[in-house]
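Notes to accompany the following structure.
There are 6 protein chains.
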Amino acid sequence: MKNNALTTNAFIGCETAYEEAEIVLFGSPFDGTTSFRPGTRFAGQAIRPDSYGLETYSPYLEKDLEDARIFDHGDLEFPFGNTERVLQQIGTYSGQVLADGKKFLMIGGEHLVSLPSIRAAYDTFPNLHVIHIDAHTDLREDYMGEPLSHASVIRRCHDFLGDGRIFQFGIRSGLKSEFDWAKTHTHLEKFTLETLPEVVNSLQDVPVYVTIDLDVLDPGTFPGTGTPEPGGITYRELLEAIGHLQTLENIVAADVVELSPQYDPSGASTAVACKTIREMLLTLAE
Amino acid sequence: MKNNALTTNAFIGCETAYEEAEIVLFGSPFDGTTSFRPGTRFAGQAIRPDSYGLETYSPYLEKDLEDARIFDHGDLEFPFGNTERVLQQIGTYSGQVLADGKKFLMIGGEHLVSLPSIRAAYDTFPNLHVIHIDAHTDLREDYMGEPLSHASVIRRCHDFLGDGRIFQFGIRSGLKSEFDWAKTHTHLEKFTLETLPEVVNSLQDVPVYVTIDLDVLDPGTFPGTGTPEPGGITYRELLEAIGHLQTLENIVAADVVELSPQYDPSGASTAVACKTIREMLLTLAE
Amino acid sequence: MKNNALTTNAFIGCETAYEEAEIVLFGSPFDGTTSFRPGTRFAGQAIRPDSYGLETYSPYLEKDLEDARIFDHGDLEFPFGNTERVLQQIGTYSGQVLADGKKFLMIGGEHLVSLPSIRAAYDTFPNLHVIHIDAHTDLREDYMGEPLSHASVIRRCHDFLGDGRIFQFGIRSGLKSEFDWAKTHTHLEKFTLETLPEVVNSLQDVPVYVTIDLDVLDPGTFPGTGTPEPGGITYRELLEAIGHLQTLENIVAADVVELSPQYDPSGASTAVACKTIREMLLTLAE
Amino acid sequence: MKNNALTTNAFIGCETAYEEAEIVLFGSPFDGTTSFRPGTRFAGQAIRPDSYGLETYSPYLEKDLEDARIFDHGDLEFPFGNTERVLQQIGTYSGQVLADGKKFLMIGGEHLVSLPSIRAAYDTFPNLHVIHIDAHTDLREDYMGEPLSHASVIRRCHDFLGDGRIFQFGIRSGLKSEFDWAKTHTHLEKFTLETLPEVVNSLQDVPVYVTIDLDVLDPGTFPGTGTPEPGGITYRELLEAIGHLQTLENIVAADVVELSPQYDPSGASTAVACKTIREMLLTLAE
Amino acid sequence: MKNNALTTNAFIGCETAYEEAEIVLFGSPFDGTTSFRPGTRFAGQAIRPDSYGLETYSPYLEKDLEDARIFDHGDLEFPFGNTERVLQQIGTYSGQVLADGKKFLMIGGEHLVSLPSIRAAYDTFPNLHVIHIDAHTDLREDYMGEPLSHASVIRRCHDFLGDGRIFQFGIRSGLKSEFDWAKTHTHLEKFTLETLPEVVNSLQDVPVYVTIDLDVLDPGTFPGTGTPEPGGITYRELLEAIGHLQTLENIVAADVVELSPQYDPSGASTAVACKTIREMLLTLAE
Amino acid sequence: MKNNALTTNAFIGCETAYEEAEIVLFGSPFDGTTSFRPGTRFAGQAIRPDSYGLETYSPYLEKDLEDARIFDHGDLEFPFGNTERVLQQIGTYSGQVLADGKKFLMIGGEHLVSLPSIRAAYDTFPNLHVIHIDAHTDLREDYMGEPLSHASVIRRCHDFLGDGRIFQFGIRSGLKSEFDWAKTHTHLEKFTLETLPEVVNSLQDVPVYVTIDLDVLDPGTFPGTGTPEPGGITYRELLEAIGHLQTLENIVAADVVELSPQYDPSGASTAVACKTIREMLLTLAE
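Protein chains in written order, with our numbering: chain A, 1 to 286; chain B, 1001 to 1286; chain C, 2001 to 2286; chain D, 3001 to 3286; chain E, 4001 to 4286; chain F, 5001 to 5286.
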């Protein structure tokens, strides 16, 4: 009888202590710059209990979460209405995990949360390259005058990463000027992920950060997001992409962002997020 | 500071004045003959604000709404419970727009609203041909004794268009007698849109009206409709079809019908309607 | 004027009397061992009225429910909280229908309801083979100590059927030990249904029971279920599979299980269940 | 074992055959003139299965449905888009029930369905008086030019009933001109039902029809309706009013209208309608 | 920085360790005999995170959770489909808490979970009296042949408590035979809680268990429950009742049952449960 | 035929031009510091179309919006993620309206939007007094270190208004320290609005701002809000309070805040907001 501890709320199969863990899972429940429909702040809270609808074993990767050593820190706690303090907290936590010699998987939150975590990875691994899977370019210089926005997060990463380091896939929405800008600054594949295998091939010897905005999926598969953009990829295509990512042994960190669970009362979108997190955790695991 | 005008409620990128416009967008919020689940009357009201979740630029057609000249008239205002007066109003407005030398895109409403608008196009362009993308045949002689019904709208169009003018795609539901009737009166492709390119090819020299019943899409992609019919096309297939339509320079008018937004609390179906309207507006634009 | 009888509540096109019927449709509204989200008890209640959103004619199979002789018994009535009595009732009813020389199609309920109906078919046809279409292996020895569970239903069937009689398709979730066990005891195809045509071919001369757990479909297509598992098949793939099943003349019974209508407010999942039931009834019909 | 009959779909405790019945329950699933949010067509379909969440016994009236003789005819079947034919069907059925010496309780539908049933009662009992419990005056001469509308139904009844026959309670919404008109033509109590006991007292010797628009209740209690109007009565106040009505022995017919079940996913509004129907049936019963 | 522990999931203000606690909070997520709409198994999971929408301070009782010593054990873990094992687990845990000299507050689950916890309290305090606040009598001898049911839980308690020990308030639904039976075996107040102060007065010197079925509240206030019963008490009336209960110093345990959070997408019902739990915890606290 | 203007989106009866208006209605769609559930940014967008479910005439105040001169400016447009710029914009707009000699009614948004509008009123009318109707004290010095928060908005107003200027009603949630602080700095009535008439009486000669946080209502009446707090006032009590406010001739501005429409799929909460806005507009009107 369990008298002395509240039922755990960790993601399924992630019950290793921090000290023993090779991978740290944590949430960044922030949606403060969301222009259309907020709610990604609730992603972590929805994901953890629903993860128990999955098995720990992946028949795709033929690996099991129970064979990995993963610590679930839970969601970070943020003040409201102060974007800069939030980003700072994420950066500090991400940096410390990397300094402790561990990898991390961050659960969003809106996409802006990737800025400090990619920055922390870059500070630790200066030769960092980024694989960005998304429906949106996220390359705006600013959004309504605000340089720190979910619509400009990859542009902000380019500020320090520079040309040739960012690889974008599945993009099907943006300003014409963003698509034009990308031609000379990033690798941007419109609509599909067909060039992913060759990109993965070319990145075997460099540290890689993978950021997955789940709205890359078709809204039929993933309606629970702030800005549904029809015409996306299928879940099987995403699984296939993760299969390619698994051949990369140098992924240092990753994130899965933009689940807004309250927009999908069926819970299917939360299940999509849970399964993607499981597959990415197994991809990060040795 | 905008002191003197209420925030516009126009579809994104459709703020040209009527006089300068080449295309007129308007809504026909009628669902009076819907047999199963009403609610398409709310489509226009849901579509306009959610259109701001899209960009004005289409990376598919590589065109931008901001480069077109489009006037959004808003929804027509109808009395309730009087089908004939409603149809008359739609016909009058459609006819006037065409008489002014403009094209139009109508937002449904249930599919019966296409009857007066196709009639108006036929009155202006007697050689009119119709491309009909839908899950349902819509070829009944009557529905429970009522000749004016969403289930008989294409049959009513055949009454004046005659044989060889109607091209149906994606059809996967109907009476056996409707499928039989179609064999000698229309071009009807079951389940898919594979013959669309050759049909488009054959229609290069005649005026064309395009009517898209969004329930042609699989309910997974588009659950927000009155009569979901599983097994439909994907959104990518619809985008590809619109790509073919863009090669037609003689589309005189079009409609996008049967969104029932309240059946999809995620808003993904409304996003599908918005994106389809954007792509069709760009297809109509010079 | 219909003064003397309440509006029928039968599934569309299923109004033959029991005595004249070749096929019996009935529901087993039980969800008592559902581990995650209950609600399949409401499937039958949701399916019957919504079946009128379909036509009786299938353009896929080119057959019509009105040409078959089908009796709809409605849902069985169960006590609550007593799993064994429920299973016994299902077995008794299933056995009686078969004893009367009829086929049946059962509407779940959770997947455990297939245990007594498959047992009844086995008792009548000792050489019974089972085609099992599902996302989950359902091969556990027990679930939290309970041998009678929706997660162990196919394993319980193996207890009496033995090796070589069970053919599983579309499976994408289970314990590693279940996948390992299946290697020597069942035919198990992961993820897809590609081997179905050859399996169907090999079963032309034996009695066959078909059990379809609708969660084999991708949650985008079928969110209304207790345990959504992303990455499933499309509805077109399921239709194609049913096309293959139609070539089997010795299907003695079938079931369609695991719709939880309240998890899909759009009703699209209920429409999926209705259409699958129509297609399976036509497959069972002479 | 029930082999030969589909599970009944009658309202709980209403299983008497028509010939033996003293009271007939039937539904009029029409919402064709609803100006704001349609959906009352689904009321009957929602009410019957959910009625089994109630008991047949009323601890308020201390009577039991099982002691009354009630036939449930189910919902009438209507064509769509033709208001006049619908009203005619209701009138014919209502008239026949009264001609057979029975009372009836009609389930709406929108309030316009009361017009033909009150007319039928008036044709049978020319001295008919009407008790009208509602949030809205329903006294418009027409609505957007249409004389047959849910907003003008009581005015249309006044056309044949004349002054002094209509008693309105709970009214909290209408045009100023409607309130003014009522001063000389009806008894209209604003906001509350306080004058009901004395009105009931004055109607002991005349035939009475009771029409209850459930939107008289506060939307907190009854959100599932097309036009929620805050500030309504509590359910206890409605129960108290029905207690007064029970002292009337000459109620010849009644209706309960304007449930739109899909606007209340909790089902609480449907429960309100069910309980009101039970109490009114018991009030009609000898 | 919190590196070594997952974010707590305890009810707000309940973070004392078991050993130091005077009160233990735990959940019994069981809904296996629910006849109508299941879902109370999710109550605990919904209540804990939403409790942070409250303050720890009660301006009604002028007490603060932070001044009490409360341990939150979380939800018990049950197998599915085996009612007797579930009840046994609840009884064992309840008994141990009492044996350790602590009080407990149990969160349901359906009302049947109160049977083993009341039994455990009775075994510890043989002179136990029960205050039962509910919409339903819960006095059936059995339900469809099953003696262990949420509809018979208080009758089962009477089996060991006997006459004169059970005090029922707010009851507005049941069989006529249940109301009749209650006349000689329990104190039963219909509809309201007016006799509660005098009953509380009479129970000053005996051990008391309080069981609150939240469906005693009007469904307008509390729609999120399996069997909504219109005409209930207001939340202010429940607060007033709890004010009276606070004068009892000998309440040894209590429960708050029948929240089904998924039937109330607004979350207001969960807020009602949270606030009731806070007030009852403060009532139990010294 | 209305060819040249999009269907208006103004609140019903508010179509006077700015120059002629005596009252200005505008929205502040900001929810950036919301700690629990965001969504008040959508209030204005939901309120305007649903206002047409109301009449312009109030039978309570016996006044009609059509007799007032009201301009609806629509919602202000804000950047995201920058609280200070948002507050500045509200302050500027509010100030200009007052400078033009008009009154205003602001639609929230979260309660923090009242800070700049009250400040603007104070700058124009230095002797300003504030009537605050709310469930929450809103008197925190800061919230998680952030001084600008919806939980501290009234405290921030006290910073410039000082003691004796703030009158709080209906308060039922807060820290103990907030209730204690209020004893010497504001007039705070717990739970009810009973002292409102006498307060109104005492404010006949000073300029008054009225801020109504709709969560003062019971969540049964108003579930569509971020932080539902059970035990609130009824809508009739709020109507009665507004009746008292109408006797004040010196209300210079007002606001109605905290509707989160997406938490109430029934739309009843939006109807509550619409009706409150109508009554407050009529109260402000001469």
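Here a beta-carbon is modelled for each residue, glycine too, at the ideal position from N, C-alpha and C.
Here the structure is a predicted model, which is why all the values come from computation and not from measurement.
Check: Over the uninterrupted beta strand (DSSP E) stretch that includes Q5168 (chain F), give me the two end residues.; Outcome: I5166 to I5171
Check: I want to verify the contact list: residues of chain F whose CB lies under 7 Å from the CB of Y4235 (chain E), in sequence order.; Outcome: D5218, P5230 and G5231
Check: Any beta carbon from chain A within less than 8 Å of Q4045 (chain E)'s own beta carbon?; Outcome: yes
Check: Could you tell me which uninterrupted alpha helix (DSSP H) segments, each at least 4 residues in length, are contained entirely in the segment 32-88 of chain A, listed from first to last along the chain?; Outcome: 43-50
Check: Are the C-beta atoms of D134 (chain A) and some chain C residue less than 8 Å apart?; Outcome: no
Check: For the segment 5257-5273 of chain F, which residues have a beta carbon sitting closer than 7 Å to at least one beta carbon of chain E?; Outcome: Y5263, D5264 and P5265
Check: Would you check if the distance between the CB atom of L4175 (chain E) and the CB atom of E3055 (chain D) is smaller than 8 Å?; Outcome: yes
Check: With which residues is I3212 (chain D) paired in a DSSP beta bridge?; Outcome: D:I3133 and D:V3256
Check: For L5259 (chain F) and M5280 (chain F), I'd like the C-alpha separation in whole angstroms.; Outcome: 16 Å
Check: Comparing C-alpha positions only, which one of D:D3064, D:V3257 and D:T3247 sits nearest to R3132 (chain D)?; Outcome: A quick correction: the sequence has His, not Arg, at residue 3132 (chain D). Taking only the C-alpha atoms, the option nearest H3132 (chain D) is D:V3257.
Check: Using 8 Å as the limit for Cβ to Cβ distance, is P2049 (chain C) near chain D?; Outcome: yes
Check: Using a Cβ cut-off of 8 Å, pull out every chain H residue sitting near T221 (chain A), in sequence order please.; Outcome: The structure shown contains no chain H; its protein chains are A, B, C, D, E and F.
Check: Smallest Cα separation from F4167 (chain E): which of E:Y4209, E:F4104, E:P4147 and E:E4240?; Outcome: E:Y4209
Check: Taking 8 Å as the threshold, find out whether the segment 2026-2033 of chain C comes into contact with the segment 1083-1090 of chain B through three or more Cβ pairs.; Outcome: no
Check: If you draw a straight line from the C-alpha of G267 (chain A) to the C-alpha of G2224 (chain C), how long is it?; Outcome: 9 Å
Check: Helix, strand or coil for H111 (chain A), going by three-state DSSP, please let me know.; Outcome: helix
Check: When Cβ atoms are compared, which residues of the segment 2244-2255 of chain C fall closer than 9 Å to chain D?; Outcome: none
Check: Roughly how many angstroms lie between the CA atoms of E1189 (chain B) and A135 (chain A), to the nearest whole one?; Outcome: 32 Å
Check: Please confirm if the segment 4102-4116 of chain E is in contact with the segment 4180-4198 of chain E, defined as three or more CB-CB distances below 8 Å between the two stretches.; Outcome: no
Check: Determine, for Y2057 (chain C), whether the minimum Cβ-Cβ distance to residues of chain B falls below 8 Å.; Outcome: yes
Check: For E5279 (chain F), go through chain A and note every residue whose CB falls closer than 7 Å to its CB, in chain order.; Outcome: Near E5279 (chain F) there are no residues of chain A at all, since even the closest Cβ is about 30 Å away, more than 7 Å.
Check: Compare the C-beta of F80 (chain A) against all C-beta atoms of chain F and say whether one is closer than 8 Å.; Outcome: yes
Check: If contact means a Cβ-Cβ distance below 8 Å, which residues of the segment 5156-5183 of chain F contact chain E?; Outcome: I5171, R5172, S5173, G5174, L5175, K5176 and F5179
Check: Listed from N- to C-terminal order along the chain, which residues in the segment 140-152 of chain A have their beta-carbon within a distance smaller than 9 Å of any beta-carbon of chain F?; Outcome: Y143, M144, G145, E146, L148, S149 and H150
Check: Determine the chain B residues that contact D2031 (chain C) at a beta-carbon separation under 8 Å, and present them in chain order.; Outcome: Ordered by position in chain B, no residue passes the 8 Å Cβ test against D2031 (chain C), which lies about 23 Å from the chain.
Check: Considering only the alpha carbon of each residue, which of D:G3108, D:I3233 and D:T3192 lies closest to G3039 (chain D)?; Outcome: D:G3108
Check: Inspect the CB distances between the segment 5236-5243 of chain F and the segment 5155-5164 of chain F and report whether three or more fall short of 8 Å.; Outcome: no
Check: Taking the CB atoms as reference points, tell me whether S3051 (chain D) and D3255 (chain D) lie closer together than 8 Å.; Outcome: no
Check: Would you give the residue range spanned by the beta strand (DSSP E) that K4190 (chain E) belongs to?; Outcome: H4187 to K4190
Check: Sorted by chain position, which residues of the same chain lie with C-beta nearer than 6 Å to C1157 (chain B)'s C-beta, five sequence neighbours on each side aside?; Outcome: I1118
Check: Kindly indicate if chain F contains any beta-carbon less than 8 Å away from that of K3275 (chain D).; Outcome: no
Check: With 8 Å as the threshold, decide whether the Cβ of N4127 (chain E) is near any Cβ in chain A.; Outcome: no
Check: Near K2275 (chain C), what residues of its chain come up, given a Cβ to Cβ distance below 7 Å and the 5 sequence neighbours on each side ignored?; Outcome: L2054
Check: Any idea what DSSP makes of M3280 (chain D), helix, strand or coil?; Outcome: helix
Check: Is there a C-beta anywhere in chain D that falls below 8 Å from the one on T1083 (chain B)?; Outcome: yes
Check: Within its chain, find whatever has a CB closer than 6 Å to the CB of V3086 (chain D); leave out the 5 residues flanking it on each side and keep chain order.; Outcome: F3030 and F3078
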